[in-house]
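Scroll down for the structure; my scribbles are underneath it.
In the working numbering, the protein residues as written are 6 to 638.
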């Protein structure tokens with residue numbers, strides 16, 4: 006199939022408003038827009054101004070009305086509890102109406118904020134859709150998030166209600182949520198009027214009379230009750246999502262209703278190459294943007310079947326759990342983070358568990374959330390024998406900035422590149438003074454304004470902060486805060502966050518480039534490179550590597566091989582002399598490596614425990630490894 010990418014991208018370039026207006030025709034609108042794009046509205050312009058719509062109607066009701074109520078909307082698969090369920094669109098509609106009626110009974114309505122603090126269970130998606138149905142704004146906070154961090158979000162969003170469950174389940178423990186919520190409300194200045202708790206069998210939560218409600222009982226009492234969709238402006242907020250790692254004053258990304266729907270529906274067929282009725286799986290969590298966009302909203306808006314998975318890539322029970330889910334539920338397109346595949350590769354480098362399952366249903370694997378190193382991509386290609394598509398986007402954008410559009414026909418894959426900008430994105434590479442740089446030159450990656458539909462119009466109640474964080478440094482552009490380059494063919498290479506570019510004796514070097522070299526070593530499962538302070542050179546790189554299971558070679562010998570490998574591939578300019586074997590790397594719960602915290606530890610600077618860290622004990626291990634090598638002393 007010859008790719009239609011150039012033609013479609015050209016159509017967008019020649020008529021951006023017409024392009025997105027045509028895409029919007031795939032959705033139901035209660036009232037059409039006055040302008041597809043109004044450059045005078047909002048901070049940098051707004052999409053579908055004057056239109057009225059409802060996201061829940063488009064994600065659920067219209068599919069039932071079209072006669073597809075019996076189709077599976079959600080497949081729930083929880084290896085942690087041994088539970089599986091198939092929920093049809095008609096059943097989903099009934100559950101959403103019951104929860105919406107429950108919220109309305111407590112006075113929640115259009116424009117109110119509701120915090121959703123849930124584990125990966127179907128009711129999390131139901132809660133989001135119920136809020137959207139009545140015009141309430143949801144703010145999902147990762148289930149089990151620390152009380153103090155939850156409190157800062159309560160004070161920023163000022164929710165009228167909180168929807169939660171009695172517990173979340175991890176591979177080795179059960180986390181009771183209600184004590185965390187109670188403590189957060191105690192700390193917060195703002196006090197929500199109501200807390201709804203879904204009682205799970207593993208933990209029974211104590212309910213405070215007057216404020217707390219048993220969600221299951223309330224929904225059962227409202228079963229069969231109609232809760233009509235509330236029309237909202239296309240420019241009204243659908244949700245607030247606080248960016249991971251936020252400390253101090255939270256940074257709440259706002260997503261609107263109209264543009265969000267248009268971008269996501271367009272992406273399902275054109276980027277991911279799926280059709281309505283097919284099974285699409287994003288192995289993420291509703292606490293992150295991938296969970297919002299591609300577990301809940303995009304698949305349901307498009308009429309696909311989505312999977313809500315409560316488990317981990319390894320350990321629930323083994324490195325074959327992803328392959329079981331794909332085989333059992335006939336997944337056509339699978340989206341996960343590179344770190345998940347590195348974990349599987351570490352535990353099962355030869356694909357022994359994969360061989361147990363028939364995954365011939367899977368057409369494409371998509372990777373995003375962090376840089377997909379070529380070694381991991383090539384390993385996945387070898388194991389699965391299907392296209393492995395890296396694509397790049399952010400919490401702020403909500404969908405793909407650059408990718409390889411499967412639905413338009415795959416472009417040639419270049420390992421290490423998420424390929425090319427999608428329609429809506431005019432990407433430039435600028436130096437620090439704002440001048441465009443030549444192909445192959447590392448620089449700041451920016452997007453020319455206006456941003457396309459689906460992107461954040463602003464931050465929650467913080468227009469000035471939005472401008473200073475994203476727009477002021479490069480006037481006329483959105484600052485992605487990622488660094489990279491474009492090659493002669495127009496392919497983008499995302500090398501690092503701009504604060505991960507290190508300056509070694511005046512040379513700007515990408516830590517991502519060094520990680521790429523380290524990851525190519527046959528014994529390395531995953532790695533991270535940070536820049537540490539050096540009196541002579543300013544900074545020098547230090548690599549931390551996790552070895553594959555079963556590697557028995559002496560760690561010191563491997564470290565010497567890694568130093569030589571970087572010297573051979575990048576050159577002496579990298580001044581790479583430190584490679585340290587560690588058992589684990591510190592990560593957020595979404596799988597991103599906490600390089601910034603590691604750098605502060607190495608430089609003996611003050612640091613705070615990241616709010617989103619998966620396992621705090623790993624930082625102690627990193628600190629011990631750094632001290633054992635005398636770094637920074």
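Idealized CB from N, CA, C, for every residue including glycine.
DSSP three-state assignment for residue i, whether helix, strand or coil
i: residue 500; result: strand
i: residue 237; result: strand
i: residue 532; result: strand
i: residue 282; result: coil
i: residue 4; result: Because the chain spans 6 through 638 in this model, residue 4 falls outside it and cannot be assessed.
i: residue 338; result: strand
i: residue 127; result: helix
i: residue 554; result: coil
i: residue 581; result: coil
i: residue 40; result: strand
i: residue 471; result: helix
i: residue 566; result: helix
i: residue 484; result: strand
i: residue 426; result: strand
i: residue 153; result: helix
i: residue 251; result: Residue confidence is low: residue 251 scores 39 on pLDDT, short of 50, so the model does not pin down where it sits. No coordinate-derived value is stated.
i: residue 63; result: helix
i: residue 277; result: coil
i: residue 412; result: helix
i: residue 515; result: strand
i: residue 35; result: coil
i: residue 618; result: strand
i: residue 586; result: strand
Distance, residue j Cα to residue i Cα
i: residue 283; j: residue 465; result: 35 Å
i: residue 91; j: residue 81; result: 6 Å
i: residue 94; j: residue 137; result: 16 Å
i: residue 362; j: residue 331; result: 9 Å
i: residue 379; j: residue 516; result: 14 Å
i: residue 119; j: residue 243; result: 11 Å
i: residue 107; j: residue 131; result: 12 Å
i: residue 226; j: residue 631; result: 58 Å
i: residue 354; j: residue 348; result: 10 Å
i: residue 410; j: residue 178; result: 40 Å
i: residue 564; j: residue 51; result: 52 Å
i: residue 252; j: residue 624; result: Its pLDDT being 42, under 50, residue 252 is placed unreliably in this model, and the value from its coordinates should be taken loosely. Computed Cα separation, rounded: 18 Å.
i: residue 171; j: residue 210; result: 5 Å
i: residue 221; j: residue 183; result: 15 Å
i: residue 54; j: residue 636; result: 56 Å
i: residue 153; j: residue 147; result: 13 Å
i: residue 584; j: residue 167; result: 46 Å
i: residue 274; j: residue 192; result: 45 Å
i: residue 392; j: residue 214; result: 54 Å
i: residue 254; j: residue 38; result: 35 Å
i: residue 325; j: residue 56; result: 46 Å
Same chain, Cβ closer than 6 Å to residue i, neighbours up to 5 away in sequence not counted
i: residue 250; result: Low confidence applies to residue 250: its pLDDT is 42, below 50, so where it sits in the model is not reliable enough to give any reading.
i: residue 401; result: 258, 461
i: residue 533; result: 549, 590, 598, 600
i: residue 463; result: 48, 259, 471
i: residue 83; result: 315
i: residue 104; result: 131, 135, 224
i: residue 22; result: 41, 42
Spatial neighbours of residue i in its chain, beta-carbon cut-off 8 Å, leaving aside the 5 residues before and after
i: residue 78; result: 65, 68, 92, 93, 94, 96, 97, 305, 310, 311
i: residue 3; result: Because the chain is modelled from 6 through 638, residue 3 falls outside the range shown and cannot be assessed.
i: residue 606; result: 612, 624, 627, 628, 631
i: residue 454; result: 49, 50, 476, 481, 482, 483
Integer Cβ distance of residue i from residue j, believed to fall under 8 Å
i: residue 189; j: residue 216; result: About 13 Å; that fails the 8 Å criterion.
i: residue 337; j: residue 285; result: 7 Å
i: residue 195; j: residue 159; result: 5 Å
i: residue 555; j: residue 546; result: Rounded, the Cβ-Cβ distance is 28 Å, inconsistent with contact.
i: residue 514; j: residue 443; result: Actually they are not in contact, since the Cβ atoms of residue 514 and residue 443 sit about 18 Å apart, beyond 8 Å.
Bridge partner(s) assigned by DSSP for residue i
i: residue 369; result: 338
i: residue 598; result: 592
i: residue 58; result: 237
i: residue 271; result: None; residue 271 has no bridge partner.
i: residue 242; result: 261
i: residue 434; result: 450
i: residue 546; result: 536
i: residue 52; result: 42
Proximal residues to residue i (C-beta, below 7 Å), its chain only, five neighbours per side dropped
i: residue 308; result: 68, 73, 281, 282
i: residue 14; result: 428
i: residue 269; result: 298, 302, 303, 306, 404, 459
i: residue 530; result: 347, 350, 351, 551, 552, 553
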